[in-house]
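Quick notes on the structure that follows.
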Amino acid sequence: MLIFLCELTFYEFAIVVLMEESKVSMMKRKSIQQAINKGESLPVGVQKSKVESDKHNLQYQVLMPTLWKKRSQDMIIESGAYEREQYRRTSPLRNKEKQKRHLACMMAYGKDMPETPRGPRILHKARREPNFFDSSDPIDECCIPAFYREVYEKICSPTSGNVEREVFKSLLVKSQLSSSVLSQIWELVDSKTGYLTRSGLYKGLALVAFAQQGKHPSDKLLENSESQELPVPVLGDLSEVTLLAQRLHKGSNPAKLNLTYSDICNLDTIEVNLVPEKKGIFLKHVEYQVTSKRFNSIVYRRYNDFVSLHELLLARFPYRLIPKLPPKKIVGADSQFLEERRRSLLRFLTVIARHPVVSKDHIVQFFFTYTGEETQHKIREVFRRVPDEFATSELSSRAKELVPPETLTEFANSRDQIRVILLGISRLKNIADCLAIRSHSYAVDMAELGTQLSNLASEPHGTTAWATGGSTIWQEMKKGFHIISKEFNLLSTRALQQAVREETMVCERLNLLLDVLVAHRILCERHERGVSADHQRALSTMLSLKKRQMQGVIRGTDSDTVEYLENKMVAQESVIANVELRNCFSLHCLHMETQLVHAHLEILATVLQSLVNVQIRGHSELAEVWKLIEPTIMKCLPEKTTSGSNGIS
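In full-length UniProt numbering, the protein residues as written are 1 to 649.
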């Protein structure tokens with residue numbers, strides 16, 4: 001039995017070796033192994049036919065050619081290398097346009113959307129925003145005559161779509177109505193912003209027409225004519241009004257600023273004051289009272305509201321001067337830090353409100369006029385999808401014409417020049433700070449001098465003949481110290497006023513000029529980083545705007561501005577997609593901002609003039625106080641001391 005098992009094991013091992021040598025497939029190995037395990041005879045192999053054998057040999061020759069012989073062309077053709085099964089379409093061709101639309105709808109909405117009817121373009125009305133854009137103007141529901149649209153196209157601004165106040169007033173004069181009636185019409189349409197929107201102009205034209213018919217102008221007239229076409233006013237020749245509008249909007253040359261520093265200052269006057277009481281239940285925060293002369297508004301803002309405004313302006317105007325904000329201190333904000341931050345926020349808003357382009361934007365108007373709660377969140381919600389300036393500017397399409405060939409060379413030279421000016425102004429600012437610090441120290445020293453004289457006058461120890469040897473000088477001097485100490489307190493007050501004048505009239509103006517110069521340096525750095533990121537952001541914004549147009553949920557501006565923005569985006573779609581035009585537009589903006597910096601350099605002349613006036617006034621006031629102190633000392637001190645020697649010889 002043992003011998004039988006040994007023989008069986010030997011045979012099994014031999015069969016396994018034979019299978020390895022003969023390269024039997026795994027299926028046949030499995031069948032042979034099953035036969036061995038069952039003790040059956042090995043399976044008999046199937047004899048291949050001669051045709052299959054020849055075919056196998058031919059395939060073997062094609063797939064693995066011999067190393068000593070190259071295949072001929074006939075052999076390759078006979079092997080079937082060029083034979084392929086012909087593709088026969090079993091389903092009809094798909095509509096590619098329909099397939100693209102399906103994919104676009106799935107990406108945008110998650111479902112198939114019905115096709116937009118191919119009719120006249122229907123603009124969706126924007127959802128009214130509370131507090132700021134909630135204006136139920138009856139003019140919106142009226143039938144607008146074609147004359148109104150013609151007047152609007154002639155006198156509206158090509159960049160913002162608004163009508164300037166001066167243009168509208170000259171238009172009112174053409175109606176030949178009395179001044180009292182014109183004043184009533186202006187009060188009804190005045191939006192306190194310095195300009196009129198499209199609906200405001202239509203309202204004014206309708207009121208003029210009603211007044212020419214002998215009716216008293218009022219909003220009731222517009223409400224009663226909701227379903228009727230508005231009357232057409234008689235205005236005569238509008239060529240002078242059109243020329244005035246063109247002169248105000250475009251100027252003689254769009255590549256020249258044509259503004260002096262006085263013109264810039266006349267754009268607006270800003271005040272930022274610190275509210276005494278802190279707000280908040282648990283986390284206390286500071287509020288600032290912001291006053292705008294142009295908008296005739298007083299609003300209250302937190303520091304985070306300024307941060308939201310700064311971020312939105314950077315996205316809206318990437319090629320304009322946007323100053324930096326002061327740093328935010330989380331804890332431990334003392335009175336000195338709050339005062340410095342208040343001054344910095346005032347300078348920031350001053351530069352923004354006096355910028356010839358940025359100041360006309362709706363974001364700035366919202367910040368100065370919105371009186372609701374949570375301004376930082378509301379302003380982001382309203383304006384977060386507004387495109388940048390290049391996407392809506394009339395100058396974008398002809399940006400190449402506005403950039404002369406020597407722009408890059410001139411820009412490099414002016415940048416180096418402004419860098420040198422920045423270094424010099426920084427040094428002057430440090431010197432002015434030292435002047436103010438010395439005046440503060442002088443005021444503190446004079447106050448301390450008066451305090452010490454008062455303490456000496458109140459010295460409690462009595463004097464005896466043993467100590468004085470019969471001298472009465474100390475007693476006589478103590479009598480005059482009380483009077484003299486009051487004079488030194490007045491001297492300290494005058495010195496403190498001098499320090500305040502130096503800070504406000506010299507240091508703060510230099511800080512304003514420094515903010516403008518630093519903003520120009522940051523703008524140049526943004527330009528060096530390139531416009532590719534801005535270009536991609538603009539394309540994304542345009543795509544998002546188109547999606548929201550389809551849904552009819554555009555938010556952030558009133559209906560007139562939305563319609564104007566839609567038309568601009570559609571008209572300039574090819575311009576927006578051009579990177580070269582964007583680069584030229586950025587160079588044009590850099591050119592204009594450099595001119596704006598040079599207009600602000602006039603501040604240095606006013607600073608030097610203020611420095612001279614402040615020093616003359618300060619030293620004159622101090623000299624007057626010293627002259628008041630001199631006779632007092634002469635009266636209070638002993639005669640021998642006043643008329644005798646100086647104590648040295």
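Even glycine gets a Cβ: it sits at the ideal position worked out from N, Cα and C.
*From the DSSP output, in three-state form, read off residue 657 for me.*
Residue 657 cannot be examined here, being either before or after the span of the chain that is shown, 1 to 649.
*Do I629 and I484 have their C-beta atoms closer together than 8 Å?*
yes
*Rounded C-beta distance between N511 and G450? I'm assuming under 8 Å.*
With 8 Å as the limit, N511 and G450 do not qualify as a contact, their Cβ atoms being about 33 Å apart.
*Between the CA atoms of A432 and A443 - distance to the nearest angstrom*: 17 Å
*asked:* Please report the straight-line C-alpha distance between W626 and S492, rounded to a whole angstrom.
replied: 11 Å
*For T291, which of helix, strand or coil comes out of DSSP?*
strand
*A35 versus S41 - alpha carbon distance*: 6 Å
*Give a yes or no on contact between the segment 407-420 and the segment 450-460, applying the rule of three or more CB pairs nearer than 8 Å.*
no
_Own chain residues within Cβ distance below 8 Å of I270, not counting five before or after_ = V290, T291, S292, K293, L346, L349, T350 and A353
_Proximity of L188 and N162 at Cβ, strictly below 8 Å_ = no
_R320 (DSSP reduced to helix, strand or coil)_ = coil
_I need the straight-line Cα distance from L423 to H598, nearest angstrom please._
15 Å
_Boundaries (first-last residue) of the alpha helix (DSSP H) holding V518_ = E508 to E528
*C-beta contact flag for E593 and L222 at 8 Å*: no
*Less than 8 Å separating the beta-carbons of S183 and P233?*
no
*According to the Cβ coordinates, are F168 and L207 closer than 8 Å?*
no
*For A211 versus I155, is the C-beta spacing smaller than 8 Å?*
no
*Find out if the Cβ-Cβ distance for the pair A436, E503 is shorter than 8 Å.*
yes
*asked:* Just to confirm before moving on: does the CB-CB distance between S439 and A391 stay below 8 Å?
replied: no
*What three-state label does DSSP hand E164 in the structure shown?*
strand
_Proximity of M446 and V614 at Cβ, strictly below 8 Å_ = no
*Return the CA-CA distance between L314 and K429, expressed in angstroms with no decimal places.*
27 Å
*I think V241 touches L338, with their Cβ atoms under 8 Å apart; what is that distance to the nearest whole Å?*
About 49 Å separates the two Cβ atoms, so there is no contact after all.
*Is R301 helix, strand or coil by DSSP?*
strand
*beta strand (DSSP E) containing I270: first to last residue?*
I270 to L274
*asked:* Suppose the cutoff is 6 Å on Cβ atoms and the five residues either side in sequence are ignored; what does the same chain contact list for R380 look like?
replied: S308
_Delimiting residues of the alpha helix (DSSP H) encompassing M75_ = Q73 to E78
_Spatial neighbours of S344 in its chain, beta-carbon cut-off 6 Å, leaving aside the 5 residues before and after_ = P326
*Contact under 8 Å by Cβ, Y319 with L590*: yes
*Taking C-beta to C-beta, are S383 and F295 nearer than 8 Å?*
A quick correction: the sequence has Phe, not Ser, at residue 383. Contact: no.
*Let me know the alpha helix (DSSP H) ranges lying completely inside the segment 597-636, each 4 residues or longer, listed in chain order.*
602-636
*Measure the CB-CB distance between P145 and L230 and report whether it falls below 8 Å.*
yes
*Return the residue from the list E508, Q497, Y370 and A495 that minimises the CA-CA distance to S426.*
E508
*N- and C-terminal bounds of the alpha helix (DSSP H) containing E502*: I473 to E502
*Between the C-alpha atoms of V420 and V518, what's the straight-line distance to the nearest angstrom?*
12 Å
*Through-space distance from W186 to L312, alpha-carbon basis*: 33 Å
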